[in-house]
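Numbering (our numbering), first residue to last: 4 to 288.
The beta carbon of each residue, even a glycine, is placed where N, CA and C say it ideally should be.
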Amino acid sequence: LETPVGAVGVTVVGAARPGRPAIVTFPDVGLSPHQCFSALFAHPEMQEVTQSFQLLHLDPPGMGEGAAPYPSGYQYPSLDQLAETLPGILQQLQIRSIIGIGVGAGAFILAKFALQHPEAVEGLVLINLDHQAKGWVDWAAHKLSGLTMSIAEQVLAHLFTQEELAAATPPVQEAREKLEKAPNVGLLWAMFNSRGDLGLERSGNSSFRCPVLLVVGDGSRHEDAAVECNACLDPTQSSFLKMADGGGQPQINQPEKLTEAFKYFVQGLGYLSAAAMTRLSRSRS
4 LETPVGAVGV TVVGAARPGR PAIVTFPDVG LSPHQCFSAL FAHPEMQEVT
54 QSFQLLHLDP PGMGEGAAPY PSGYQYPSLD QLAETLPGIL QQLQIRSIIG
104 IGVGAGAFIL AKFALQHPEA VEGLVLINLD HQAKGWVDWA AHKLSGLTMS
154 IAEQVLAHLF TQEELAAATP PVQEAREKLE KAPNVGLLWA MFNSRGDLGL
204 ERSGNSSFRC PVLLVVGDGS RHEDAAVECN ACLDPTQSSF LKMADGGGQP
254 QINQPEKLTE AFKYFVQGLG YLSAAAMTRL SRSRS
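Here's what the structure looks like:
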């Protein structure tokens with residue numbers, strides 16, 4: 004769909020469900036929506052969700068397969084500007100409210116949208132969220148890595164743990180192949196690294212007005228940022244899931260565990276039948 008900052012890739016799955024929000028996903032830098040979310044939404048236990056909600060997978064401008072490179076000097080939109088494309092996209096698709104699932108940069112964009120348009124967001128699942136702008140130490144480290152590592156290697160180090168990179172797991176290999184054919188990923192990576200601060204607070208105008216599930220892999224490079232973010236959230240409105248063996252991408256590595264958490268989260272919003280949850284409990288035992 005065309006937006007003021009370029010064409011955003013939109014994949015719609017399923018028909019609109021009257022009286023229900025759409026589930027909107029936004030991937031991290033360097034991952035397509037398919038790479039980022041297919042393991043989660045293809046999981047057998049997730050079918051109850053996919054049959055109950057319309058899904059909307061978003062992809063930032065210039066990141067789709069076969070995208071032409073932007074000309075030299077092109078001003079790529081900031082994460083804040085990408086968040087501001089969402090109202091227009093939802094309006095075009097006649098979607099009144101959403102449940103957002105974002106990873107990394109995608110989590111930041113959906114969080115920004117929720118802070119600016121609380122009336123449109125019923126719940127948020129934020130994976131690997133870093134809500135703060137880079138400090139000068141992080142900035143210096145990023146500049147230094149830019150001298151010694153290619154953009155693809157920097158993005159891979161952001162997405163995956165050292166163990167996953169060393170083992171060259173299938174998700175790492177798939178991401179590496181995509182990055183080799185992604186001429187514009189450096190522009191989005193630069194915007195992610197120059198992002199502002201969400202300014203989160205436990206209450207007031209800078210707080211989320213909807214339930215939030217924060218997710219991070221135990222021992223991942225995003226763990227500290229997620230813990231700090233959790234401290235800024237209203238504990239009565241938020242849950243924090245630190246996932247064992249989640250690696251850099253919990254939704255890829257542990258789709259069954261995240262499916263279970265997501266179904267309980269959605270039930271807490273007033274959707275999904277008790278029968279679906281009973282089956283989930285049985286499958287665990």
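Going straight from the alpha carbon of residue i to that of residue j, what length do you get?
i    : j    : result
F211 : G273 : 18 Å
S100 : E125 : 7 Å
D227 : L217 : 12 Å
Q84  : K115 : 10 Å
S153 : A108 : 19 Å
S223 : Q240 : 24 Å
P214 : D237 : 9 Å
G202 : T262 : 29 Å
K137 : I112 : 16 Å
E156 : Q165 : 12 Å
G76  : E51  : 46 Å
V269 : L275 : 7 Å
Q135 : K245 : 19 Å
H225 : P21  : 37 Å
H46  : V16  : 15 Å
L4   : P80  : 15 Å
P121 : N233 : 19 Å
E68  : V219 : 27 Å
Q94  : K184 : 32 Å
C39  : L96  : 23 Å
A110 : D31  : 8 Å
F243 : T172 : 27 Å
What do you reckon, are the CB atoms on residue i and residue j nearer than 8 Å?
i    : j    : result
P36  : T53  : no
S66  : L191 : A quick correction: the sequence has Met, not Ser, at residue 66. It is a contact, given that the beta carbons lie within the stated cut-off.
F163 : Q252 : yes
V128 : I98  : no
Q254 : L43  : yes
L118 : S209 : yes
G33  : V188 : yes
P74  : G9   : no
P186 : P72  : yes
E204 : C235 : yes
According to DSSP, is residue i helix, strand or coil?
i    : result
W192 : helix
H46  : coil
E204 : coil
T239 : coil
S288 : Only weak support exists for where S288 lies, its pLDDT of 39 falling under 50; the value from the coordinates is given anyway. Coil.
T88  : coil
T28  : strand
V124 : strand
T262 : helix
L4   : coil
K137 : coil
H37  : helix
D248 : coil
D221 : coil
G109 : helix
A10  : strand
L61  : strand
L129 : strand
I98  : coil
G271 : helix
Quick one: is residue i buried, meaning 16 or more other Cβ sit within 10 Å of its Cβ, or exposed?
i    : result
N131 : buried
D248 : exposed
S206 : exposed
V230 : exposed
K266 : buried
L182 : buried
A86  : buried
G271 : exposed
S288 : Caution is warranted here: a pLDDT of 39 is assigned to S288, below 50, making its placement in the model unreliable, and no coordinate value can be reported.
G199 : exposed
D221 : exposed
L159 : buried
A123 : buried
T151 : exposed
Q78  : exposed
G250 : buried
Q257 : buried
P174 : buried
A170 : exposed
A18  : exposed
* To do: Report yes or no: do the segment 8 to 26 and the segment 56 to 63 share at least 3 C-beta pairs separated by less than 8 Å?
  => yes
* Could you tell me whether the segment 84 to 98 touches the segment 174 to 182, using the rule of 3 or more Cβ pairs below 8 Å? => They do not touch, by the three-pair rule.
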